[in-house]
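What follows is one structure encoded as structure tokens, with my remarks underneath.
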Amino acid sequence: MNSDVSIAGDPLDLLHLLPPVPRHPVTVAEFAGLARAIAADRARWAPLVRYDAATRWYARLQTGPGYEVWLLSWLPGQTSGLHDHGRSSGVLTVLDGTLHERALTARGETRRALSPGRQRAFGPGYVHEVANESLEGAVSLHVYFPGLTEMTPYDRSACTPGALAGQESGARSHAQA
Ligand SMILES: [Fe+2]
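Numbering-wise, the numbering used here puts 102 at position 72 of the sequence shown, and it's gapless, one number per residue.
Here is the structure:
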């Protein structure tokens with residue numbers, strides 16, 4: 031008497047014929063690698079980009095178990111404002127144009143220009159502001175893990191590194207609640 035196994039053979043002998051099992055990133059390096067792979071696939075993201083003079087434009091490009099990928103556009107002068115990302119970690123990758131990041135920690139303030147291909151990885155509690163200070167549009171890719179469910183805005187004028195130390199701890203305890 032035949033069975034499916036006897037007709038088709040032992041499935042365990044055919045693994046090399048099966049399509050690869052989709053693998054999702056789980057480490058920061060792998061999330062950064064995912065962002066670089068998407069960045070290199072310009073035909074995938076460039077046709078989707080829109081610019082909105084009223085607000086930053088964004089679209090969810092991809093989701094996976096425990097993460098999501100967002101595509102954002104920035105017209106000159108558009109800014110995120112100072113914010114954190116709740117309990118999410120993230121990888122920011124510039125795809126087009128130049129963005130400027132101002133990051134605040136209890137130890138001080140850091141400013142940096144981010145050109146295409148530059149990446150910033152951050153953990154929960156990271157506070158920054160991203161802005162397009164150039165005269166041309168910019169596009170960025172943002173991977174969040176877990177997916178972004180809360181962003182705490184900070185008052186830019188009142189936000190000094192010293193004051194931030196207290197705000198950061200507050201944000202963390204809120205995220206853990
Ligand atoms: Fe951010």
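Backbone N, C-alpha and C fix where the C-beta goes; we use that ideal spot for every residue, glycine too.
Would you mind sorting residue i into buried or exposed? The rule is 16 or more other CB atoms within 10 Å of its CB.
| i | result |
| --- | --- |
| residue 55 | buried |
| residue 83 | exposed |
| residue 80 | exposed |
| residue 197 | The pLDDT assigned to residue 197 is 43, lower than 50, so where the model puts this residue is not dependable; a value taken from the coordinates is nonetheless given after this. It counts as buried. |
| residue 115 | buried |
| residue 165 | exposed |
| residue 131 | buried |
| residue 47 | exposed |
| residue 187 | exposed |
| residue 65 | buried |
Please name the residue in the options whose C-alpha comes closest to that of residue i.
| i | options | result |
| --- | --- | --- |
| residue 91 | 84, 85 and 78 | 78 |
| residue 122 | 107, 145 and 116 | 145 |
| residue 171 | 46, 47, 86 and 53 | 86 |
| residue 147 | 168, 137, 134 and 179 | 168 |
| residue 134 | 149, 158, 142 and 151 | 158 |
| residue 58 | 179, 184, 175 and 181 | 175 |
| residue 208 | 69, 185 and 96 | Absent from the model: residue 208. The displayed extent of the chain is 31 to 207, so no value can be given. |
| residue 76 | 177, 124 and 162 | 124 |
| residue 60 | 184, 173 and 105 | 173 |
Consult DSSP for residue i and reduce its assignment to one of helix, strand or coil.
| i | result |
| --- | --- |
| residue 150 | strand |
| residue 1 | The chain is shown only over 31 to 207; residue 1 falls outside these bounds and no answer can be derived. |
| residue 160 | strand |
| residue 134 | strand |
DSSP puts residue i in a beta bridge; with which residues?
| i | result |
| --- | --- |
| residue 175 | 119 |
| residue 111 | In DSSP, residue 111 forms no bridge with anything. |
| residue 100 | 90 and 172 |
| residue 126 | 169 |
| residue 183 | 113 |
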